[in-house]
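Novice:
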Amino acid sequence: MIKKRINTFLDYLSEVEQNRNDNYQIHLFRGQSYSQPLLPSIARVNPHFDTTKIEIRMLEDLKRRSPLLVAKPPASDWQWLVLAQHFRLKTRLLDWASNPLVALWFACSNEYVLDRDSYVYELSANEEMLVDLTQAESPFSNTKTRILRPTLNNERILAQSGWFTAHKFSRSRNRFIELEARKEERFKIVEIEIPAESKKNILKMLSNLGVNYRTIYPDVEGLCLHLNWKYQSEIPQTG
1 MIKKRINTFL DYLSEVEQNR NDNYQIHLFR GQSYSQPLLP SIARVNPHFD
51 TTKIEIRMLE DLKRRSPLLV AKPPASDWQW LVLAQHFRLK TRLLDWASNP
101 LVALWFACSN EYVLDRDSYV YELSANEEML VDLTQAESPF SNTKTRILRP
151 TLNNERILAQ SGWFTAHKFS RSRNRFIELE ARKEERFKIV EIEIPAESKK
201 NILKMLSNLG VNYRTIYPDV EGLCLHLNWK YQSEIPQTG
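So the sequence shown is numbered by the UniProt record's numbering: it starts at 1 and just counts up by one.
1. Indicate whether Ile177 and Pro47 have their beta-carbon atoms separated by less than 9 Å.
2. For Glu42, which option in Val113, Gly31, Val16 and Ala84 has the closest C-alpha, if you only look at C-alpha atoms?
3. Quick check: what's the CA-CA separation for Arg131 versus Gln232?
4. What beta strand (DSSP E) runs, 3 residues minimum, are completely inside the UniProt domain "FRG" (23-121)?
5. Are the CB atoms of Leu158 and Pro218 nearer to each other than 9 Å?
6. With contact counted as at least three CB pairs below 8 Å, one residue from each stretch, are the region 139-146 and the region 29-44 in contact?
7. First and last residue of the alpha helix (DSSP H) that includes Ile216?
8. In the DSSP assignment, the beta strand (DSSP E) including Lys199 goes from what residue to what residue?
9. So, for Lys168: in the same chain, excluding its five sequence neighbours on each side, which residues have a beta-carbon less than 6 Å away from its beta-carbon?
10. Please state whether DSSP places Arg149 in a helix, a strand or coil.
11. Quick one: what's got a C-beta closer than 7 Å to Tyr213's C-beta in the same chain, skipping five residues either side?
12. Residues in the same chain with beta-carbon distance under 8 Å from Tyr24, minus the five sequence neighbours each way, listed in chain order, please.
13. Taking one C-beta from the region 26-36 and one from the region 202-213 each time, how about it: are there three or more such pairs within less than 8 Å?
14. What residue does the beta strand (DSSP E) around Ile157 start on, and which one ends it?
15. Can you tell me which of the three DSSP states Thr165 falls into?
16. Report the rounded CA-to-CA distance for Glu234 versus Ser161, giving the unit in angstroms.
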């Protein structure tokens, strides 16, 4: 994995442009408040535990118990997995965005860790890594980690330019393998470090460009969170 460090918003834009490689057709970005392995939520506590059977049971349970909660049931297990990920079920999907500004916002926006450096990961990949949804394969039968381009049927997916990597448990190595640890020519990963002292200014620049809580979460919750952020300088921060 290539590691870079920026200091300003303009540095970030320049870095993203420099990293762009026309040998790859897909360019995705993931923002994290702190450095941690690029693993899906289901695998972070213990990557050596094969969760496949449990995930299948969880998804079946979700289907059974959600008819009154889901207006239009997803048409495939891949779509069910995206829905589950959206509502915070632990899955083998890892969130990415096709918009680098969205990823930068996610990296910087956690108000509880503004004093820590944050990170954006840039994934460049070939289209051969895409999940072929026409094959109707199960998400749990993948032989390789793939990229999922979801159906745009969810407001937050649209607002966040959402994509996913779909990870698999490697039986040959007996673990879920961190994306950054893979040594394959099909993709490359760049880590961009954002220093803590730059994050507040970056968030202001992003909001000026229309990337903030209100646009990332296009609902009343997002608007309220945006107003919290907008007026935070006028509200006492300590008791």
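Note that the Cβ used here is the ideal one computed from N, Cα and C, for glycine as well.
Here the structure is a predicted model, which means the values were calculated and not measured.
Specialist: Taking the geometry as given:
1. For this step, residue 177 is matched to residue 177 along the sequence shown. For this step, residue 47 is matched to residue 47 along the sequence shown. Yes; because the gap between Cβ atoms is below 9 Å, this pair is in contact.
2. Within the sequence shown, numbered from 1, the residue matching residue 42 stands at position 42. Reading off the sequence shown, one finds Ile at residue 42, where the question assumed Glu. The shortest Cα separation from Ile42 among Val113, Gly31, Val16 and Ala84 belongs to Ala84.
3. By one-based count along the sequence shown, residue 131 stands at place 131. By one-based count along the sequence shown, residue 232 stands at place 232. Inspection of the sequence shows that residue 131 is occupied by Val rather than by Arg. Rounded to the nearest angstrom, the two C-alpha atoms are 42 Å apart.
4. Taking only runs of at least 3 residues, the beta strand (DSSP E) segments lying wholly in the UniProt domain "FRG" (23-121) are 26-32 and 93-97.
5. Numbered from its first residue, the sequence shown carries residue 158 at position 158. Numbered from its first residue, the sequence shown carries residue 218 at position 218. In this structure, Pro218 lies closer than 9 Å to Leu158 by Cβ.
6. No, the region 139-146 is not in contact with the region 29-44.
7. The sequence position of residue 216 within the sequence shown is 216, counting from 1. Tyr213 to Ile216 is the extent of the alpha helix (DSSP H) around Ile216.
8. For the purposes of this step, residue 199 is taken as residue 199 along the sequence shown, with counting starting at 1. First-last for Lys199: Lys199 to Asn208, but that is the alpha helix (DSSP H), not the beta strand (DSSP E).
9. Position 168 of the sequence shown, counted from the first residue, corresponds to residue 168. Result list for Lys168: Asn142 and Thr145, in chain order.
10. Taking the sequence shown and counting its residues from 1, one reaches residue 149 at position 149. Residue state, collapsed to three classes: coil.
11. Here residue 213 corresponds to residue number 213 of the sequence shown, with the count starting at 1. So the qualifying residues of the chain are Gly222, Leu225, His226 and Trp229.
12. Along the sequence shown, read from residue 1 onward, the residue named residue 24 stands at position 24. Excluding residues within five positions, the ones whose Cβ falls inside 8 Å are Ser124, Ala125, Asn126, Phe187 and Lys188.
13. no
14. Counting from one through the sequence shown, the residue named residue 157 turns up at place 157. Unbroken run through Ile157 is the alpha helix (DSSP H), Glu155 to Ala159; no beta strand (DSSP E).
15. Translated into positions along the sequence shown, residue 165 becomes position 165. The answer is strand: DSSP assigns Thr165 an E or B state.
16. Within the sequence shown, numbered from 1, the residue matching residue 234 stands at position 234. Within the sequence shown, numbered from 1, the residue matching residue 161 stands at position 161. C-alpha separation (whole angstroms): 32 Å.
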